[in-house]
Amino acid sequence: MPLNFCVNFSPVFIWLLIFKNAGLIPKEIRPLIHVSLAHHVDDIVFDVWGNPVTSILSLAALKLSAWGLYVWFFSKRGSETIESTACSSMSPSSQPALELSVFDEEEDFDLNKSTQGEDCVPSGFQSHPRIGSLPFFPKLTQHDAALNARAINRELWHHMNEEGAPTPFNCWQLTPPILLGASWILLNIDSSLAKNITETKDTIAWLSYVIGHFCVPLFTAIWLYVFHAPGALKCFGFALGAQNIAGVLTHLSFPNAPPWFIHKYGDDAHADYDTLGYAAGLTRAKFSTGTFMVNNGFHKSPIVFGALPSLHSAMAVMCFFFVCYYSRWISAKMLLFAFVFCQWWATIYLDHHWRLDLLVGLMYAIVSYTIFSKWLMPRVDHEFAQARLRYDFSKGSTMGMRVFRNTKIQNFFDPMA
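Residue numbers (mature numbering (1 follows the signal peptide of the UniProt record, and there is no 0)): -24 to -1, 1 to 393.
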């Protein structure tokens, strides 16, 4: 387990290693810091009143980009082309058509007939030679476990037939192009909501920017590990780490000043690598201990001019994409969308990022997610579905299912139940 954790999150560890040691790079070889570039481009892209022509053209360009993203990667035709390439490298035993014959449509299928359940489902397929079911929980008999597994597999088979692939139930695959197409409007709404400073807003922004930024990716990872297919956590760790590595390398090679620097020193101020970090709007929060730690962290940050892209934006968006893909509950998807919207607002309100930074962070998340969702996640989905259809409990179960095996709570941790 520790080894798997290290492998799954190795890209995240690499990102943290690069970030923490950025200060070791000699200052004389580091690139020029762009003070006002992001600010001016932000106005060109988003300021309707000051730059109506360029802002409307930017909106149109984002809509067109979202359409292209949909056509090439997220439409049914594009997805089939890419996923067929991803699945072609699998061993023949993992191909989806192999075990679908288990549930022939002409089969006289009756879950109430115990003989059929016993004929098709291996006896004791959920049992472990050394681990029994947990005490104090209602237990499943072998007969009940067989009927339960057969019913779930029947539903899975129909789902695969309808979707053409073993994607999770109620999977929102079009989230990336939709969010990209709506980003210009959402970011302008966030900007308008960030204008007036109040104590309540300070508290909400602090909770989102500091607590949410740490807790939401952590809880998303735990949720994927406990409730979803083996390999889902690796996809998340690799996608999150890849976008963050790309982001920190951009910070080092193309440094840009955050809004607080311009508001504090001016649009034409000189910036150098001796400049200390500043927590900006976070200093207004009424949390003495937490605020001191955050302020101290920003003050000693090894990358002060890492505004573009915003990794706060990219990490929130990546969590949103994975929840939309794996969760069957609309409430969970909407909760993560609310977090993305709130995180975008908080970064603007706290004077840490321009709208442009957040948009570019979104784009980094889309690129990383698209790569892993089209070339790695289909493999995970296929292997999980085929293990379920073969009644291979070790490979066709989640961590929660394995912990609560042969109890009636097992289905709570089953994404197919």
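Glycine included, C-beta positions come from ideal geometry on N, C-alpha and C.
Whose C-beta lies closer than 6 Å to the C-beta of Leu74 among residues of the same chain, with five residues either side of it excluded?
-> Taking the sequence shown and counting its residues from 1, the one referred to as residue 74 is at position 98. Residue placement at Leu74 is flagged as unreliable, the pLDDT there being 40, under the threshold of 50; the coordinate-derived value follows with that caveat. No residues qualify anywhere along the chain.
Count the other C-beta atoms from every protein chain shown that fall within 10 angstroms of the C-beta of Thr346, then say buried if there are 16 or more, exposed otherwise.
-> Position 370 of the sequence shown, counted from the start, is the residue given in the question as residue 346. Thr346 comes out buried.
Of all the alpha helix (DSSP H) runs that stay within the bounds of the segment 264 to 331, which reach a length of 4 or more residues?
-> 264 to 275, 287 to 302 and 306 to 325
Just tell me which of Phe237, Lys262 and Leu352 has its CA closest to the CA of Ala247.
-> As a first step, residue 247 must be located in the sequence shown, where it is residue number 271. Ala247 has its Cα closest to that of Phe237, out of Phe237, Lys262 and Leu352.
Where are the alpha helix (DSSP H) runs, 4 residues long or more, that stay fully inside the segment 138 to 190, in chain order?
-> 151 to 169 and 175 to 182
Compare the C-beta of His329 against all C-beta atoms of chain D and say whether one is closer than 7 Å.
-> Among the protein chains of the structure shown there is no chain D, as only one such chain exists.
To which residues does DSSP link His10 through a beta bridge?
-> In the sequence shown, the residue the question calls residue 10 occupies position 34. BP columns for His10 point to Asn232.
Can you give me the Cβ contacts of Lys(-5) inside the same chain, cut-off strictly under 7 Å, excluding the 5 residues immediately before and after it?
-> Numbered from its first residue, the sequence shown carries residue -5 at position 20. Result list for Lys(-5): Pro278, in chain order.
Answer yes or no: do Leu45 and Pro153 have a C-beta to C-beta separation smaller than 7 Å?
-> Residue 45 sits at position 69 when you count from the first residue of the sequence shown. Residue 153 sits at position 177 when you count from the first residue of the sequence shown. Contact: yes.
Coarse secondary structure for Lys384, derived from DSSP in three states = Along the sequence shown, read from residue 1 onward, the residue named residue 384 stands at position 408. Looking at Lys384 - three-state DSSP - the assignment turns out to be coil, as it is neither helix nor strand.
Beta bridge counterpart(s) of Lys115 as assigned by DSSP = Against the sequence shown, residue 115 aligns to sequence position 139. Looking at the DSSP assignment, Lys115 forms a beta bridge with Thr383.
Just the C-alpha distance for Ser69 and His10, rounded to the nearest angstrom, thanks.
-> Stepping through the sequence shown from its first residue, residue 69 is reached at position 93. Stepping through the sequence shown from its first residue, residue 10 is reached at position 34. Only weak support is given to the placement of Ser69: the predicted model assigns it a pLDDT of 43, under 50, and the question is left unresolved by the model.
Using the rule of at least 16 other Cβ atoms within 10 Å of the residue's Cβ for burial, across every protein chain shown, is Ser373 buried or exposed?
-> Counting from one through the sequence shown, the residue named residue 373 turns up at place 397. Ser373 should be labelled buried.
Check whether the segment 178 to 188 touches the segment 334 to 349, counting contact only when three or more Cβ pairs, one atom from each stretch, lie closer than 8 Å.
-> no
Where do the ends of the alpha helix (DSSP H) carrying Asp357 lie?
-> Position 381 of the sequence shown, counted from the start, is the residue given in the question as residue 357. Element bounds for Asp357: Met353 to Leu365.
Span of the alpha helix (DSSP H), counted from its first residue to its last, around Thr30 | Along the sequence shown, one-based indexing puts residue 30 at 54. Looking at the DSSP string, the run of the alpha helix (DSSP H) that includes Thr30 is Pro28 to Leu45.
CA nearest to the CA of Leu156, picked from Phe297, Tyr254 and Ile221 = Residue 156 sits at position 180 when you count from the first residue of the sequence shown. It is Phe297.
Answer with buried or exposed for Ser370, where buried requires no fewer than 16 other C-beta atoms within 10 angstroms of its C-beta.
-> Translated into positions along the sequence shown, residue 370 becomes position 394. Per the 10 Å Cβ criterion, exposed.
Measure the Cβ-Cβ separation of Cys300 and Thr196 and say whether it is below 7 Å.
-> The residue given as residue 300 occupies position 324 in the sequence shown. The residue given as residue 196 occupies position 220 in the sequence shown. No, the Cβ-Cβ distance between Cys300 and Thr196 is not below 7 Å.
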